[in-house]
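Quick look at the structure:
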């Protein structure tokens, strides 16, 4: 049997294509535009059809903050079926086929087309442990290297002309273009439109903020910002942390009402303690967990917030957070 000659080096034109693909995959890894529900249903349906699985119940939410905790215990969530691994069923076979046609040194060089996914999903702190464990997000969307493999598979097909299973690649690429999170199971697939992240240590803070600003549900936007504000304190910016946190009170008062407003104000109070400490960047080595110079203002503001809460049970919960005077 004749041994297949592997591609071992790039031509000058192919070298020029590297930067184009690097920009393409940075945008794909963290897009700031969201796919529509129609696009998401079509891509998920195509994936299940390719895997010879019946069409699942598809639930689409703008962000993980829009998935109510109670949903995890309701039908058909009670029996979502086995988790489906896109990593194993789609990506790994494509990697094997592409790698078999490219020399080892060149294959390693193509590793840097897509950047490492140096982030973790941002989800509501209020989710129960049972809820977080019950629905499994596909490893493909959590793996820091999954999309890096996809970047070089894309280059191998589009520039080097490697022969691939085009149906498999089109299916996987269609899911990547959605830009959110997927929780695929046999009978149920939860699709999240916006990939909100914990931006600590990531270079994607501005893109993440753009996604947050674009959330259509005010309550969800506030809950996300509540988790982002402490990151400012941890980065040695206590004033920005305090300002961001305090601004949410005005937003809740002006744009929410009834039980939704009270529930959101309670969340603001419950998050207060996380911005009463900060990293002291004036000391070396840096002091982590130092008392914020705005700590007293935080608690003063919390006492004002408690008076705004009208639901008795929620008011009591908020009062229990306040430090003794």
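Numbering (my numbering), first residue to last: -13 to 311. In this text, a Cβ means the ideal position worked out from N, Cα and C, and glycines have one as well. All values reported here derive from a predicted model rather than from experimental measurement.
Start-end ranges of the alpha helix (DSSP H) lying completely within the stretch 71 to 133, minimum 4 residues: 78 to 85, 90 to 95 and 115 to 120
Minimum C-alpha distance to residue 172 - residue among -9, 149 and 41: 41
Beta-ladder partner(s) of residue 177, from DSSP: Partner residues in the beta bridge of residue 177, as assigned by DSSP, are 46 and 168.
Residue span of the alpha helix (DSSP H) that contains residue 148, given as start and end: Taken as a continuous stretch (DSSP letters only), residue 148 belongs to no alpha helix (DSSP H), as it is neither H nor E.
Helix, strand or coil at residue 38 according to DSSP, with G and I counted as helix: coil
Selected residue, minimal CA-CA separation from residue 313, among 46, 133, 8 and 11: In the structure as shown, the chain starts at -13 and stops at 311, and residue 313 therefore has no counterpart that could be examined.
Alpha-carbon spacing of residue 225 relative to residue 309, whole angstroms: 21 Å
Separation of residue 29 from residue 100, as counted between CA atoms: 22 Å
Three-state secondary structure (DSSP) of residue -13: Interpretation of residue -13 is limited by its pLDDT of 40, a score under 50 that renders its predicted location unreliable; the figure taken from the coordinates is listed afterwards. Per DSSP, reduced to three states, the secondary structure at residue -13 is coil, with no helix or strand assignment.
The stretch 193 to 202 / the stretch 237 to 256 touching (three or more Cβ pairs under 8 Å): Counting C-beta pairs with one atom in each stretch, the stretch 193 to 202 and the stretch 237 to 256 have fewer than three that are closer than 8 Å, which means they do not touch.
The alpha helix (DSSP H) enclosing residue 52, as first and last residue numbers: Where residue 52 is concerned, there is no enclosing alpha helix (DSSP H), given that its DSSP letter is neither H nor E.
Candidates 7, 18 and 306: closest to residue 137 by CA position: 7
Segment limits, alpha helix (DSSP H) that includes residue 250: 244 to 256
Identified DSSP bridge partners for residue 140: Residue 140 is not bridged to any residue.
Burial state of residue 33, where buried means 16 or more other Cβ atoms lie within 10 Å: buried
Spatially closest choice to residue 296 from 155, 266 and 242, by CA coordinates: Nearest C-alpha to residue 296: 242.
Whole alpha helix (DSSP H) elements within the stretch 198 to 228, 4-residue minimum: Taken in chain order, the complete alpha helix (DSSP H) segments of 4 or more residues contained in the stretch 198 to 228 are 204 to 220.
Coarse secondary structure for residue 310, derived from DSSP in three states: coil
Option in 161, 142 and 192 with minimal Cα separation from residue 179: 161
Span separating the alpha-carbon of residue 72 from that of residue 262: 42 Å
First and last residue of the uninterrupted alpha helix (DSSP H) at residue 13: Bounds of the alpha helix (DSSP H) holding residue 13 are -2 to 15.
Residue 96 versus residue 9 - alpha carbon distance: If you take the alpha carbons of residue 96 and residue 9, they lie about 14 Å apart.
Nearest to residue 105 (by Cα), restricted to the options 170, 141 and 189: 189
Pick from 293, 301, 304 and 223 that is closest to residue 276, judged by C-alpha positions: 223
Residue 183 - DSSP class collapsed to helix/strand/coil: strand
Supposed close pair residue -6, residue 92 - CB separation, criterion 8 Å: 6 Å
Beta-carbon gap between residue 206 and residue 20 smaller than 8 Å: no
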